[in-house]
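Here the numbering used here runs 26 ahead of the position in the sequence shown, where the first position is 1. Built from N, CA and C at the ideal position, the CB exists for glycine as well. Down below is the structure, laid out as structure tokens.
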Amino acid sequence: MSADEFNLGPFGKDERSDPNRKWFRKLAKGNGIPTSEDGDYAETFDKPIIEEQQGVAEIGQLGGKSTSNKNGTIVKKTLFAVCDCCYDPLDGPPAICPLDRKKVHSKCMIRMEQQPMCRDCLRRIRPLSKSSYKIMMLILMLCRLKDRRAIQDFTSMLRDDIILSFTSLLESGYAARRGSSNVFDITEKGVNIMLAYETIYGVEKDVIALESQLREYIGVL
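The following block contains the structure:
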């Protein structure tokens with residue numbers, strides 16, 4: 027079965043993302059309809075000759091095929107490899123995260139300060155909320171952002187969420203206040219974290235819409 031066929035079934039994305047992955051889809055091939063010549067009628071009818079099991083390989087495992095004999099039944103097991111970050115089927119050799127050894131698509135690998143890592147490791151080691159990412163976009167694109175009302179207008183964020191995001195950005199060193207004013211700048215450290223998270227948040231519809239809105243606003247100024 028090809029990766030494309032697997033993508034359409036038999037497993038949904040929730041099943042592929044199940045961290046336990048201890049379930050299988052079973053396809054039993056029995057002996058057909060028994061007759062009086064088969065001897066023990068009930069036993070012959072219930073016992074399959076071949077049982078096929080299909081599942082998703084555990085995190086870090088590449089999957090494959092195996093065959094075993096279980097009480098006279100031939101068990102053929104196929105484990106499909108999916109990306110351990112986005113859970114899409116792997117249609118080629120995966121990248122391996124050097125930090126947690128997850129197998130991932132190349133699109134799910136990120137380089138942060140010369141250190142390659144998967145998206146999950148980035149979120150764990152250098153967390154950045156989407157709200158903070160949006161505020162950083164506004165600061166960069168509008169340059170002299172000092173009106174929090176403008177942030178609310180562009181992002182529809184609540185005042186408390188804006189304050190929380192600004193506090194987080196300042197404490198993390200991703201943004202800095204310009205002197206004693208209410209004008210903020212994105213630091214070099216902040217630019218680096220934005221570049222890393224661009225592959226995560228930059229492809230989401232609301233972030234794309236915000237960038238388009240900002241570019242249109244800048245064009246009017």
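The segment 185-202 in contact with the segment 128-148 per 3-pair CB rule at 8 angstroms: no
With burial defined as no fewer than 16 other Cβ atoms inside 10 Å of the residue's Cβ, what is the status of G81: buried or exposed? Here residue 81 is taken as the residue at index 55 of the sequence shown, counted from 1. G81 should be labelled buried.
Determine contact between the segment 186-206 and the segment 90-108, defined as no fewer than three beta-carbon pairs at a distance below 8 angstroms. no
Proximity of V128 and D114 at Cβ, strictly below 8 angstroms: Here residue 128 is taken as the residue at index 102 of the sequence shown, counted from 1. Here residue 114 is taken as the residue at index 88 of the sequence shown, counted from 1. According to the sequence shown, residue 128 is Lys rather than Val. No, the Cβ-Cβ distance between K128 and D114 is not below 8 angstroms.
Does the distance from the C-beta atom of L164 to that of M143 stay below 8 angstroms? As a first step, residue 164 must be located in the sequence shown, where it is residue number 138. As a first step, residue 143 must be located in the sequence shown, where it is residue number 117. Not closer than 8 angstroms, so no.
Give the DSSP-derived three-state secondary structure of C109 in the structure shown. Position 83 of the sequence shown holds residue 109. Judged by DSSP in its simplified three-state form, C109 adopts coil rather than helix or strand.
Option in G245, Y227, R203 with minimal Cα separation from S158: One-based indexing of the sequence shown puts residue 158 at position 132. Cα-wise, what sits closest to S158 is Y227.
What's the call for E63, buried or exposed, on a 16-neighbour Cβ count within 10 Å? Numbered from its first residue, the sequence shown carries residue 63 at position 37. Its pLDDT being 47, under 50, E63 is placed unreliably in this model, and the coordinates cannot settle the point.
Look up N95 in the DSSP assignment and say whether it is helix, strand or coil. For this step, residue 95 is matched to residue 69 along the sequence shown. Strand.
Using the C-alpha atoms, what's the distance from L195 back to K133? Position 107 of the sequence shown, counted from the first residue, corresponds to residue 133. Position 169 of the sequence shown, counted from the first residue, corresponds to residue 195. Distance between the alpha carbons of K133 and L195: 26 angstroms.
Expressed to the nearest angstrom, what Euclidean distance is found between the alpha-carbon atoms of R203 and E214? On the sequence shown, residue 203 is found 177 positions in, with the first residue counted as 1. On the sequence shown, residue 214 is found 188 positions in, with the first residue counted as 1. Distance between the alpha carbons of R203 and E214 is about 14 angstroms.
What does T104 pair with, by DSSP beta-bridge criteria? Residue 104 sits at position 78 when you count from the first residue of the sequence shown. DSSP lists Q80, K91 as partners of T104.
Which residue marks the beginning of the beta strand (DSSP E) containing R137, and which one marks its end? Here residue 137 refers to the residue found at position 111 when the sequence shown is read from its first residue. From DSSP, the beta strand (DSSP E) with R137 extends over 135-138.
What is the DSSP secondary structure of D117, counted as helix, strand or coil? As a position in the sequence shown, residue 117 is number 91, starting the count at 1. Three-state DSSP puts D117 in coil, outside helix and strand.
Taking the straight line between their C-alpha atoms, what separation do you get for I59 and I75? The residue labelled residue 59 in the question sits at position 33 within the sequence shown. The residue labelled residue 75 in the question sits at position 49 within the sequence shown. Residue confidence is low: I59 scores 43 on pLDDT, short of 50, so the model does not pin down where it sits. Its coordinate-derived value is still stated next. About 13 angstroms.
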